[in-house]
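Counted the way my numbering counts, the sequence shown spans residues 18 to 141. Ideal Cβ positions, reconstructed from N, Cα and C, are used throughout, including at glycine. Single-structure report; data block below.
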Amino acid sequence: MSGKKGKSKGASADGDSGEASGGGGSKGGTSVKVRHILCEKQSKVLEALEKINGGMKFDEVARTYSEDKARHGGDLGWMTRGSMVGEFQDAAFALPVSTLAKPVISSLVKTKFGYHIIMVEGKK
């Protein structure tokens, strides 16, 4: 009765919500409106990253550089927890909401599909 209440709460959070550094903030939603740029080669995604950091709009860079079916500006639409590969999901839910003109982007995310740059346009 003395210390067991707090301990059980922490134990259940461990298995449920990923061990990303922003554990408190990631609990806020179950889906994200996400855009990405996907490149098979790291050198190409680094070029895309330079363009974004140089002030080019995220969707324009995605149209030019992304190598997947979401080439129309990198828009993947609304994605729910569990529908994305682990590394991509962790990065997407850790990002704040931002705009195409001033995107807050992930660092490079490596998955089985290649290298991603991710931004989030909405959360719910």
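For residue j and residue i, believed in contact at Cβ under 8 Å, the rounded distance
i           : j              : result
lysine 129  : valine 102     : 7 Å
valine 78   : alanine 109    : The Cβ separation is near 18 Å, so there is no contact.
leucine 112 : isoleucine 134 : That belief does not hold up - the Cβ atoms of leucine 112 and isoleucine 134 are roughly 11 Å apart, past 8 Å.
Separation of residue j from residue i, as counted between CA atoms
i                : j             : result
glycine 40       : tryptophan 95 : Note that glycine 40 has pLDDT 35, beneath the 50 cutoff, so the model's placement of it is unreliable and the number below is only indicative. Looking at the two C-alpha atoms, the distance is approximately 21 Å.
alanine 65       : cysteine 56   : 9 Å
glycine 71       : lysine 58     : 20 Å
phenylalanine 75 : proline 120   : 7 Å
leucine 117      : threonine 81  : 15 Å
serine 100       : valine 49     : 11 Å
methionine 73    : glutamate 67  : 9 Å
arginine 98      : glutamine 106 : 7 Å
serine 38        : leucine 93    : With a pLDDT of only 32 at serine 38, under the threshold of 50, the placement of this residue in the model should not be trusted; the figure read from the coordinates follows. Distance between the alpha carbons of serine 38 and leucine 93 is about 24 Å.
lysine 141       : arginine 52   : 15 Å
glycine 143      : isoleucine 69 : The first residue shown for the chain is 18 and the last is 141, placing residue 143 beyond what the model contains.
glutamate 104    : histidine 89  : 23 Å
serine 124       : tyrosine 132  : 10 Å
valine 114       : lysine 127    : 21 Å
glutamate 84     : threonine 47  : 27 Å
Where the beta strand (DSSP E) through residue i begins and ends
i         : result
lysine 50 : 48 to 56
Continuous alpha helix (DSSP H) stretch holding residue i: start and end
i         : result
lysine 61 : 59 to 70
Alpha helix (DSSP H) runs contained entirely in the stretch 84 to 132, provided each spans 4 or more residues: 103 to 111
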